[in-house]
Each structure stands twice: as C-alpha cells, then as structure tokens.
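In the numbering used here, the protein residues as written are 130 to 299. Each residue gets a CB set at the ideal place from its N, CA and C atoms; glycine is no exception. Below is one structure, written out as structure tokens; the observations come after it.
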Ligand SMILES: [Zn+2]
C-alpha cells in the first residue's frame, strides 16, 4: 500500500509532529508506527538516512507538546524543554553552502531540532493550526493568507461544507 501523508514539506519539526494525526478526539493515527513506516516517511521527505524509531517517537512527543504550547500560548512542561535542549547537544547544526544553504547532516533528528528552534523562537503566529475544526495539522505561516493544511484536503472540505449549508437553507 502506498501511504500518503496529509501534510509534508513543512519544516522538518512540523512534518514530524504531523505524522501523528490527532483528528477529532482521542483517536490517533500514527503514520510512522513501525521502522518500515519511518523509512517510507523519510524517503517521502527525500532522505535516505536511517533514524532510530524510538528516538524519533520521543522527539515527536516533545515537539508536539512544545508546538501546541506555542500555538495555544501556554507553557510546556520543563521536561519537554529539557529534552529538546538535551537532544540538540547530540546534533549541533552544521551548515553547507551549496546551491542554497542547507544543513550538512541529512539526519532527521538534527533537522527537526534546528527547525524547531527556529519556529519556537519566531514571533507568535509562526506556527499555525489548520483552520478546519476537525484538523490538528500544523504548518509554518510563511504565507499570511494560508488557512488550511492543504487546499486539496481541508480547503476542499470547508468549501464543500459551505456549499452544503447554503443548499440546505434554500
Ligand atoms: Zn487541515
């Protein structure tokens, strides 16, 4: 089965958080539940460097808490902050200036850590939740007008709902 991802191509830290689809209540779908899933997801992001599943899951848990806190304006647990700081020590960023500047390592952990630092320390609003009430995906607000995780996904669902509500009132 070819697995598709609801959202990919955001900064790595958000792509990782978005692999746990937390739609509509306690039900969750983990898109990187196994080593095979993780390898597929990494390949879909254009990386062939392997990663440790347990470490990726732990980092995702930490980043989810930190990103949610940033979006909601709450304070995350000291444990989550400490975990990100501790993880960053194991992968100091190293820049390579080729056609465009990029991180030297293809390692998903260091890519997530460096993008997380950039997003979490950016002004409030840099991380935005999808405007659809049943969607919990996060994206980087590089475009001020963007409301949806994807125009084809939630954008279409919202348009269809508006259309339905209009026709129901006729
Ligand atoms: Zn959405």
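For residue 138, the Cβ stays outside the 8 Å cut-off from all heavy atoms of ligand 1. In this model, residue 209 and residue 195 are separated by some 7 Å (Cα to Cα).
Within the region 199-231, the complete beta strand (DSSP E) segments at least 3 residues long are 224-226, listed from N- to C-terminus. Comparing alpha carbon positions, the residue from 289, 202, 181 and 156 closest to residue 253 is 202. Around the beta carbon of residue 274, fewer than 16 other beta carbons sit within 10 angstroms, so the residue counts as exposed. Proximity of the beta carbon of residue 220 to ligand 1 is not indicated: no heavy atom of the ligand is located closer than 8 Å. Contact residues of ligand 1 (beta-carbon closer than 6 Å to any heavy atom; chain order) are 259, 261, 264, 266, 277, 278, 282 and 283. In the assembly as shown, residue 215 is an exposed residue. Its beta-carbon has fewer than 16 other beta-carbons within 10 Å.
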